[in-house]
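Asker: Attaching a single structure in structure tokens format; questions to follow.
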Amino acid sequence: MIFRALQTKSRPFYQQGRLQHAGARDADGLPVKPAWAINSLFEPVAKANQISDAQFKRLFDLAQLHMPSSASAQSALKHDLDQMLQFTQQIQKLDLTQVEPLIQIWHDSLGQQPRPDKEEQTHEPKGRVLVDNARRTHGDFYIVPGSLPATK
Numbered sequence: 001m002i003f004r005a006l007q008t009k010s011r012p013f014y015q016q017g018r019l020q021h022a023g024a025r026d027a028d029g030l031p032v033k034p035a036w037a038i039n040s041l042f043e044p045v046a047k048a049n050q051i052s053d054a055q056f057k058r059l060f061d062l063a064q065l066h067m068p069s070s071a072s073a074q075s076a077l078k079h080d081l082d083q084m085l086q087f088t089q090q091i092q093k094l095d096l097t098q099v100e101p102l103i104q105i106w107h108d109s110l111g112q113q114p115r116p117d118k119e120e121q122t123h124e125p126k127g128r129v130l131v132d133n134a135r136r137t138h139g140d141f142y143i144v145p146g147s148l149p150a151t152k
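Per UniProt numbering, the sequence shown starts with residue 1, numbered consecutively.
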């Protein structure tokens, strides 16, 4: 009985309130076209912020990368770099004087705890004793016979 009442009186979510006028929707209530794009969060790239060809080439030289051979790939990369540059400039414009800097990534009670190093007492020979007891040595190194033939 309650189910029938809900069936007759309720409307799908996409038909309720202001979503009804928000644009075309499919049968599941999803917008047919995107309502916004990530690019709307960025300001348009200004001509003054564009990276010059010399700076672009220098960036590839510093990164020891080969520049793309096609002009379209180069322009696409330059556009992406311009957007990244603009994004960092937007962050640099923020007033962060009241923000306390992070000293470490995790809380003091979490993270890596230094272990107490204890000197282990073993009776195994170490260091110089091993070299002194070796059959064949060369300076401070001992020579181990190998199974590979020597090449010259």
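Ideal placement from N, C-alpha and C gives every residue a C-beta, glycine not left out.
Measure how close the beta-carbons of F56 and K78 come, nearest whole angstrom, since I'm counting them as under 8 angstroms.
Answerer: As a working mapping, residue 56 is identified with position 56 in the sequence shown. As a working mapping, residue 78 is identified with position 78 in the sequence shown. That pair is a contact at about 6 angstroms.
Asker: Bridge partners of H138, per DSSP?
Answerer: Stepping through the sequence shown from its first residue, residue 138 is reached at position 138. The partner list for H138 (beta bridge, DSSP) reads F141.
Asker: Considering only their Cβ atoms, is the gap separating V129 from Y142 smaller than 8 angstroms?
Answerer: For this step, residue 142 is matched to residue 142 along the sequence shown. For this step, residue 129 is matched to residue 129 along the sequence shown. No, the pair does not count as a contact, with Cβ atoms beyond the cut-off.
Asker: Compute the Euclidean distance between the alpha carbons of P114 and W106, then round it to the nearest angstrom.
Answerer: Along the sequence shown, one-based indexing puts residue 114 at 114. Along the sequence shown, one-based indexing puts residue 106 at 106. One C-alpha to the other measures close to 15 angstroms.
Asker: Identify the continuous alpha helix (DSSP H) that holds V32 and give its terminal residues.
Answerer: The count along the sequence shown starts at 1 and reaches residue 32 at position 32. Taken as a continuous stretch (DSSP letters only), V32 belongs to no alpha helix (DSSP H), as it is neither H nor E.
Asker: List the DSSP bridge partners of R128.
Answerer: Residue 128 sits at position 128 when you count from the first residue of the sequence shown. Note: R128 sits in no beta bridge, so no partner.
Asker: Give the C-beta separation of D26 and Q50 to the nearest angstrom, bearing in mind that I take them to be a contact with Cβ-Cβ under 8 angstroms.
Answerer: Here residue 26 corresponds to residue number 26 of the sequence shown, with the count starting at 1. Here residue 50 corresponds to residue number 50 of the sequence shown, with the count starting at 1. Contact flag wrong, Cβ pair sits at about 40 angstroms.
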